[in-house]
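Working notes for the structure below.
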Amino acid sequence: MIEAIRLTKRYTPGSPPAVDEVSFVLEPGTVTGFLGPNGAGKSTTIRMLTGYLPPTSGGAKIDGHDTLTDAHAARRLLGYLPESNALYPEMRSVEFLHFVGKLQGMPRRDRKRRIEELTERCGLSLILRRTVARLSKGNRQRVGIASALMHDPPVVVLDEPTSGLDPRQMSEVRDLIRDLGGTHTVLLSTHLLPEVQRCCDRAIIIAGGRVVSDGSLDALRDEALRTGQAGTVLIEAKGSVEAVRTALAGVSGVDQFDATAADETGWVDAWLVSDRGVDVRDAAASALQAAGLLVREIRREVPTLEEYFFRVTDPAHTPSRELAEVPGRVEATGGDA
Amino acid sequence: MKAALTLAKREWAALFFSPVAYAVIGLFGMGCGLVFLTGFVPGQEATLRSVFGAIVWLLVFLVPAIGMKFISEEISGGTIERLMTLPVSEPQIVVGKWLAGMGFVVVLLGTLALPVLVLEAVAEPDYGPIVSGTLGLVLVGGLYVAVALFASAVTSSQVVAYMAAVFVNCSLTFVLFFVPQTEWIKEWSPAVRAALQYGNVNRQYADFAKGLIDLRHFVYFLTGTGLFLFGAVKLLESRRWR
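First to last, the protein sequences are chains A and B.
For the first sequence, position 194 (counting from the first letter as 1) is numbered 198 according to the numbering used here, and the numbering increases by one without interruption.
For the second sequence, position 182 (counting from the first letter as 1) is numbered 532 according to the numbering used here, and the numbering increases by one without interruption.
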């Protein structure tokens, strides 16, 4: 439905590319998160996808229509919320929605019906008659989102739709985006990982203008587990510090461990680090039980998607190796915290 | 055409949202009023000729104040990104904005109804020159709106766009008036001198103010307007490649 073909953008000839050979295909009905730190090239990629900015090389297609050479057909299928979400300040919200609908070729009756629907879905009832210049940033964002959905386009591209929204509005917008899935192909650009976790089936992570990771959220979680830091297990047990240390010393597969007294009531905090992918919780629990120590918590710190995101978007990270390793993925073992 | 009209409607409404529009109407009315009253003497011809002669100069400075924001504001405000990802072509954007500017010029010239009513009350004006003079002003306004539109596509700064448009308008009036008067050009090439004189807006307008409607003057204004609109379209298109 949306296709990026080796999209590359250099703003000045000879300079390092802002976007470097970005390729992906988004299947109909999926919601894809386009994730990356600020300045990673997200907006530049999106501007090329929507046909606003011509790529230095490569191209983009919406449902087979090239966004530059067949722009009119491509734009009919597209609903786009730009990052800046600039609106005409003198217009009322309802006028702006009519304006966008008219340019999308919608007859008046359809526009009115659609505005009623969107008023409900985007929470516009109180702001419909107000002038855009007088709206808060969050409300402006809602009008922008509604305008992107005005002609019910099959393809929706949203560039940081929740910026400027309060937590409640953020949650509403995320629900709205999730509901678009199935019937719409959505590309959601954001630097917020929770947003992607909440709304998306798939995430494409971009850093330094290149795709550093691309896969379903489950695949990325597995990848995070497989490539993440060695597993750390945190333990709380009752007894002397020495007794805990002695018991843990006998657990196989442990690289490092230590224990300290938590307070005067006799509880001891211990941590141990095992090899990557090895779960030592069972062995640690048995060893402590055998030593006659009471255990109230054994918890494994699982490498999170967030940690994975930080790692792959780190400028020092080399993406090619990471991607090449994806097929030989190791299944995560018993990681329920 | 439908898209262009939609764009024109929005732009026209936006013009009146800004105090600049009212300042322009006020200045225009003041200028016309003063010139009209100065020439409003018993025993004189009941015409607007002196007013027309003044207005054609006022437009040099006033029309750019309206047109300076047409595209520059879209660029600086960022609305251009949404506009150019909607199914609208560059010619539609340019024509829409030009139509909005023309709508404003018509409103501006509508204020001439007042002196006409005064003339009607005290004398029997000859409507021929009034109609042809007003028609000529519409054509001059159309050319200046196109110039301003072109200038506003060059830059994101409204001030720069205004200055650029006034510069072009002055070139088409002052420069093309004074240069052909110089002795050296008379001696050097009478053909170049004639060509420069042909380019002078006020010279092309003069016949309209007298009540003469000549097809050649139409050709001049429509060609000039078309050229600047074409330039604006090309500038807008080139934004994609810069």
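For every residue, glycine included, the Cβ atom is placed at its ideal position computed from N, Cα and C.
Asked                                                                                                                             : Found
Closest Cα partner of Val413 (chain B) within the set B:Arg566, B:Gln442, B:Asn519, B:Glu361                                      : B:Asn519
DSSP-derived helix/strand/coil call for Ala22 (chain A)                                                                           : coil
Three CB pairs or more closer than 8 Å across the stretch 402 to 422 of chain B and the stretch 506 to 521 of chain B             : yes
Under 8 Å between C-beta atoms of Gly243 (chain A) and Leu192 (chain A)                                                           : no
The stretch 478 to 497 of chain B / the stretch 572 to 582 of chain B touching (three or more Cβ pairs under 8 Å)                 : yes
Contact list for the stretch 509 to 521 of chain B against chain A, Cβ threshold 9 Å                                              : none
For Ala341 (chain A), the three-state DSSP class (helix, strand or coil)                                                          : Only weak support exists for where Ala341 (chain A) lies, its pLDDT of 32 falling under 50; the value from the coordinates is given anyway. In the structure shown, Ala341 (chain A) sits in coil (DSSP, three-state: anything other than H, G, I, E or B).
Which residues DSSP lists as bridging Lys65 (chain A), in chain order                                                             : A:Glu7, A:Asp70
Length-filtered (4 minimum) alpha helix (DSSP H) runs lying within the stretch 252 to 302 of chain A                              : 285 to 294
Own chain, CB closer than 7 Å to Gly127 (chain A), minus 5 neighbours either side, in chain order                                 : Arg146, Glu176
Lys359 (chain B) (DSSP reduced to helix, strand or coil)                                                                          : helix
Three or more C-beta pairs below 8 Å linking the stretch 85 to 104 of chain A and the stretch 357 to 373 of chain B               : yes
Runs of beta strand (DSSP E) lying entirely within the stretch 79 to 119 of chain A, each at least 3 residues, in chain order     : 82 to 85
Exposed unless 16 or more other CB atoms sit within 10 angstroms - verdict on Glu199 (chain A)                                    : buried
Short CB-CB distance (under 8 Å) between Thr54 (chain A) and chain B                                                              : yes
Nearest-angstrom Cα separation, counted from Gln394 (chain B) out to Gly381 (chain B)                                             : 20 Å
Residue-chain proximity (Pro437 (chain B), chain A), Cβ-Cβ < 8 Å                                                                  : yes
Ala8 (chain A) versus Gly451 (chain B) - alpha carbon distance                                                                    : 40 Å
Neighbourhood of Val529 (chain B) by C-beta distance below 7 Å, restricted to the same chain and skipping five residues each side : Ile535, Leu546
Other residues of its chain near Ser506 (chain B): CB distance less than 6 Å, five sequence neighbours each side excluded         : Ser422, Ile425, Ser426
Ala228 (chain A): contacting residues in chain B (beta-carbon distance under 8 Å)                                                 : Going along chain B, no residue has its Cβ under 8 Å from Ala228 (chain A), so there is no contact; the nearest lies around 35 Å.
C-beta contact flag for Val255 (chain A) and Ala274 (chain A) at 8 Å                                                              : no
Three-pair Cβ contact test at 8 Å for the stretch 16 to 24 of chain A versus the stretch 200 to 218 of chain A                    : yes
CB contact flag (His188 (chain A), Pro158 (chain A), <8 Å)                                                                        : yes
Beta-carbon gap between Phe558 (chain B) and Gly491 (chain B) smaller than 8 Å                                                    : no
Backbone secondary structure at Ser220 (chain A) - three-state DSSP                                                               : strand
Interfacial residues, the stretch 423 to 434 of chain B to chain A, with Cβ spacing under 9 Å                                     : Glu424, Gly427, Gly428, Thr429, Ile430, Glu431, Arg432, Leu433, Met434
Lys419 (chain B), DSSP secondary structure in three states                                                                        : coil
Cβ pair Leu398 (chain B), Gly460 (chain B) closer than 8 Å                                                                        : no
Cutoff 7 Å; reference Pro319 (chain A); Cβ partners in own chain excluding five residues on either side                           : Gly212
Contact with chain B by Ala1 (chain A), beta-carbon distance below 8 Å                                                            : The structure shown does not extend to residue 1 (chain A), since chain A spans only 5 to 341, so no value can be given for it.
At least three beta-carbon pairs within less than 8 Å, the stretch 442 to 449 of chain B to the stretch 466 to 478 of chain B     : no
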